[in-house]
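Encoded as structure tokens, the structure appears first; notes follow it.
Residue numbers (our numbering), protein chains in the order written: chain A, 65 to 318; chain B, 65 to 318; chain C, 65 to 318.
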């Protein structure tokens, strides 16, 4: 990632933009927040990967998401879908169907989002999950098989599957859900690793989650609350290298 | 608040979104930034409270604000109006009239904003106040009576009234006006407390302001400037509990 | 700047808004992020200076940029143009031509952006520069003469010219390109100094760059990474005064 500094296009929500860009910069990527329908497709052809997050959705942005995802798909670029609170309103439910049809390479969400996306009953409310990752494992497997995408359910222990193999990633900190946009930034981070290893979406996703796990654990050790955690996490990510990751990542076949 | 973790819908400005979401998370609420006319009304029926802030206004967002405020009003949910710089342009003056007609439960602004909203002469310029809170007290009382809303004027010492009772809240720090979106985040915080005590808008507003006062004083003690204050304030809010609040809040009947 | 606390209108991108507002507050200015076509022109007449940044461009925002720049030009107010990644898409290329025609007082960009704007071949990709400042000096001189604007190329050592005189500004830190929106915030800072010395655009630009250089060097000394640098930079800016600036600024005629 640091050697290639891949250009990653992020169509993400207003809340996450700044933090997600700083996360990608800390990891060594070159983020570009380009969303308008007038240019999102053209830009997706330049970028090495694309991420789409429906957190602060509107019709205009949805057009840009379609333009970008179509261009990414057409030019063989990987893209990640983050279905924030997709079950909350009719507008979101319809939007997410359209985006799923554009064949995301990876889908990342919390347990409630993934369960609802798989057609199962969930306890989600707003943008926060009401379900445990464990409860979402079967939904994730089913969703991965149906969509031919890698599916990542993130929470206390993350679960990633391509419909066949499955991996669990531990680490992180209980402060992470107290910092807004942490999940959205993780989606962008998955895009960063997809950009450098586009043929290995499962491995790229696991690596991104492992980075968040290790940096999260490190940052929490010196933090007194979510305010200090947020910037220490960026420092930890920026200091992360292959050796530290290898030594501290808590990754296991599920 | 921490026990109920209420879902609070915030239609706020681009500058404030991230910081306001972190403030609500630190206080124990579940913020959701949902603004599009396509879904803002539907979402307002799910949320326990709504906040509307016109900081970075546009016609499209104004439609979403109306949809959300109408739905909140129709379903008996409390909502807070933050009339940022409403006197600055014709577009804002017209927008604020339309929003006031939708019956906010609480109106929070700086002294110049409240004075201008009450029809009095103010010295506001841009988003900063040119008047003292004391000068705005009579305007706040008049505005509260006319609109049947709780009115909060925030500044060095805050003033809150429902048109009859009035409360002053001291505390905070002179660093607070040096951090952007602090007032906008406070508006969201009022929404958080309204969500858990919807029948007591005066008390909810005073509690939110007292939290900001106590956390602000604490954060300032260890800060070297507005940069460090911003994240220490989040840490202080996250560490706040009923006992600390009771012991340090500077609240007095006016 | 601190004495006058000028009102600076910033039409900037979603990523930069919060950080840029905090930078201007730390420097003593009063930032206002007002972008909608419905009011951007009217507000530009109230403000002392305007900054326009096309980072997260859309058609609607472009209308607001035109309204604001026209009003600024008509009322003799200085304005700064930040042509973020203007070469990346047809939409941006067209947008930047239209904005250049509205006569910016100052143009600030990275080396690739300025080279491309001058019609020269550049190695820009996304929002990051692929060229050194030194390589862009001739382009900056040509662009300044053609547009009658002050042109600032920022990077390791900044280069500023009005087409005749030229100034180099050193300082800062290698952490600065690792914090998103640092360049966008600098553009707003230039707007702040233009607001107080509108007749001296070259000096105003150099002063803004010198402030960033000195505060950046100071902030980096105590930082462990881009996360801590971001808020320490705000603290350093807020503590900066004329004496410190004079003592530490690394400014030289080129």
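Where a beta carbon is used, it is the ideal one built from N, C-alpha and C, also for glycine.
Paired residues, beta bridge with residue i - DSSP
{"i": "residue 143 of chain A", "result": "A:114"}
{"i": "residue 297 of chain B", "result": "Bridge partners of residue 297 of chain B: none, in fact."}
{"i": "residue 73 of chain B", "result": "B:96, B:114"}
{"i": "residue 314 of chain C", "result": "C:234"}
{"i": "residue 173 of chain C", "result": "C:217"}
{"i": "residue 210 of chain C", "result": "Per DSSP, none; premise fails for residue 210 of chain C."}
{"i": "residue 192 of chain B", "result": "B:189"}
Neighbour list for residue i in chain C, Cβ cutoff strictly below 7 Å
{"i": "residue 98 of chain B", "result": "Ordered by position in chain C, no residue passes the 7 Å Cβ test against residue 98 of chain B, which lies about 16 Å from the chain."}
{"i": "residue 110 of chain A", "result": "152"}
{"i": "residue 138 of chain A", "result": "Result: empty, since nearest Cβ-Cβ is about 16 Å, beyond 7 Å."}
{"i": "residue 156 of chain B", "result": "103"}
Residues near residue i by beta carbon distance below 6 Å, same chain, minus five either side
{"i": "residue 94 of chain A", "result": "69, 71"}
{"i": "residue 193 of chain A", "result": "174, 175, 176"}
{"i": "residue 298 of chain C", "result": "86, 90"}
{"i": "residue 300 of chain C", "result": "279, 282, 283"}
{"i": "residue 156 of chain B", "result": "150"}
{"i": "residue 160 of chain A", "result": "147, 150"}
{"i": "residue 217 of chain A", "result": "175, 178, 197, 200, 204, 223"}
{"i": "residue 107 of chain B", "result": "73, 98"}
{"i": "residue 182 of chain B", "result": "203, 206, 207"}
{"i": "residue 184 of chain A", "result": "203"}
{"i": "residue 139 of chain C", "result": "109"}
{"i": "residue 101 of chain A", "result": "127, 128, 131"}
{"i": "residue 272 of chain C", "result": "253, 254, 257"}
{"i": "residue 142 of chain A", "result": "113, 169, 258, 262"}
Residues that residue i contacts on chain B, provided the C-beta gap is smaller than 8 Å
{"i": "residue 90 of chain C", "result": "242, 289, 290, 291"}
{"i": "residue 107 of chain C", "result": "152, 153"}
{"i": "residue 123 of chain A", "result": "100, 102"}
{"i": "residue 131 of chain C", "result": "Near residue 131 of chain C there are no residues of chain B at all, since even the closest Cβ is about 11 Å away, more than 8 Å."}
Residue from the options whose Cα sits closest to the Cα of residue i
{"i": "residue 270 of chain C", "options": "C:210, C:260, C:254, C:126", "result": "C:254"}
{"i": "residue 303 of chain C", "options": "C:263, C:268, C:89, C:81", "result": "C:89"}
{"i": "residue 244 of chain C", "options": "C:188, C:294, C:311, C:305", "result": "C:294"}
{"i": "residue 126 of chain B", "options": "B:65, B:109, B:99", "result": "B:99"}
{"i": "residue 131 of chain B", "options": "B:163, B:276, B:154, B:212", "result": "B:163"}
{"i": "residue 154 of chain B", "options": "B:219, B:122, B:213", "result": "B:122"}
{"i": "residue 220 of chain A", "options": "A:213, A:133, A:241, A:212", "result": "A:241"}
{"i": "residue 246 of chain B", "options": "B:191, B:65, B:103", "result": "B:191"}
Bounding residues of the beta strand (DSSP E) (the contiguous stretch that carries residue i)
{"i": "residue 95 of chain C", "result": "94-96"}
{"i": "residue 225 of chain B", "result": "222-225"}
First through last residue of the alpha helix (DSSP H) which encompasses residue i
{"i": "residue 255 of chain B", "result": "246-260"}
{"i": "residue 90 of chain B", "result": "81-91"}
{"i": "residue 162 of chain B", "result": "154-164"}
{"i": "residue 65 of chain C", "result": "Looking at the DSSP string, residue 65 of chain C is not in any alpha helix (DSSP H), and its letter there is neither H nor E."}
{"i": "residue 137 of chain B", "result": "123-138"}
{"i": "residue 276 of chain C", "result": "265-285"}
Same chain, Cβ closer than 8 Å to residue i, five either side skipped, listed in chain order
{"i": "residue 274 of chain C", "result": "233, 235, 309, 313, 314, 315"}
{"i": "residue 120 of chain A", "result": "77, 78, 79"}
{"i": "residue 180 of chain A", "result": "150, 151, 186, 188"}
{"i": "residue 211 of chain C", "result": "164, 167, 168, 171"}
Other residues of its chain near residue i: CB distance less than 7 Å, five sequence neighbours each side excluded
{"i": "residue 261 of chain A", "result": "267, 268"}
{"i": "residue 249 of chain B", "result": "80, 83, 84, 87"}
{"i": "residue 209 of chain B", "result": "227"}
{"i": "residue 251 of chain B", "result": "115, 117, 144, 146, 172"}
{"i": "residue 167 of chain A", "result": "137"}
{"i": "residue 287 of chain A", "result": "239, 293, 296"}
{"i": "residue 276 of chain C", "result": "236, 250, 253"}
{"i": "residue 66 of chain B", "result": "92"}
Under 7 Å from the C-beta of residue i: neighbouring residues of chain A
{"i": "residue 81 of chain B", "result": "78, 79"}
{"i": "residue 190 of chain C", "result": "71, 94, 96"}
{"i": "residue 113 of chain B", "result": "Result: empty, since nearest Cβ-Cβ is about 12 Å, beyond 7 Å."}
Per-residue contacts from residue i into chain B (C-beta, under 7 Å)
{"i": "residue 116 of chain C", "result": "Under the 7 Å cutoff, chain B gives no residues; its nearest Cβ is about 15 Å from residue 116 of chain C."}
Interface residues of chain A facing residue i [CB-CB closer than 9 Å]
{"i": "residue 184 of chain C", "result": "Simply none; closest approach about 20 Å."}
{"i": "residue 294 of chain C", "result": "86, 295, 298"}
Proximal residues of chain B, C-beta to C-beta of residue i below 9 Å
{"i": "residue 120 of chain A", "result": "81, 97, 98, 99, 100"}
{"i": "residue 216 of chain A", "result": "Within 9 Å Cβ-Cβ: nothing; residue 216 of chain A doesn't reach chain B, min ~22 Å."}
Chain A residues whose Cβ lies nearer than 8 Å to that of residue i
{"i": "residue 302 of chain B", "result": "242, 289, 290, 291"}
Members of the stretch 233-264 of chain B that neighbour chain E once the beta carbon cut-off is set at 7 Å: Looking at the structure shown, chain E is missing, and the protein chains on hand are A, B and C.
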